[in-house]
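Visitor: Right, I'll just put the structure down here and ask away after.
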Amino acid sequence: MADIVPADVRSRMMAGIRATNTKPELLLRKGLHARGLRFRLHDPALPGKPDIVFPRHRAVILAHGCFWHGHNCHLFKWPSTRPDFWQAKIARNREVDARTDIALATAGWRQAVVWECALKGRTRLLLDNVIDSCENWIRSDLQRMEIRGA
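Everything in the sequence shown is counted per the working numbering, starting at 3 for the first residue and increasing by one.
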């Protein structure tokens, strides 16, 4: 792709990839809001601008895309084009995730990660079960939670 597609076209293609309001994030927000949970979105005052913020519960939910965060599941596959670029990109994303986790924990925020594979693909879980788990975690005192596909 790098040799075939001009750089300006590549940048427009990448511009179409969302950082916020992704489908997994919207599914989580809709389900949690329907259960009476109120939240803020992408709070710039917090490290990493978490996807969903529950100030009352000092909790955040991060809806991670399996490709962009290099999750070890069936949705992640290394691209065959420009492998050096993609390995550096995914490695940097993982480093940013680790720094964000530490910064949020240091600031006293509880964190949950919901992986895309829990909501999409052959290993997806029932959406109601994912929302139940998130709601129970938000209302609990547990510091961390992670939901991944089956």
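Just so you know, even glycine gets a beta-carbon here, dropped at the ideal spot from N, CA and C.
1. Here's the rule: buried if 16 or more other CB atoms are within 10 angstroms of the residue's CB, otherwise exposed. What is Val-116?
2. Between which two residues does the alpha helix (DSSP H) carrying Trp-139 extend?
3. Quick check: the Cα distance between Ile-133 and Gly-33, rounded to an integer number of angstroms?
4. Which class does His-35 belong to by DSSP, given the choice of helix, strand or coil?
5. When you compare only the Cα positions, how much space is there between Arg-141 and Trp-70?
6. Can you give the Cα-Cα distance for Ile-63 and Val-55, rounded to whole angstroms?
Guide: Here's the rundown:
1. With 16 or more other Cβ atoms within 10 Å, it is buried.
2. DSSP places Trp-139 in the uninterrupted alpha helix (DSSP H) bounded by 129–140.
3. 6 Å
4. helix
5. 29 Å
6. Cα-Cα distance, rounded: 7 Å.
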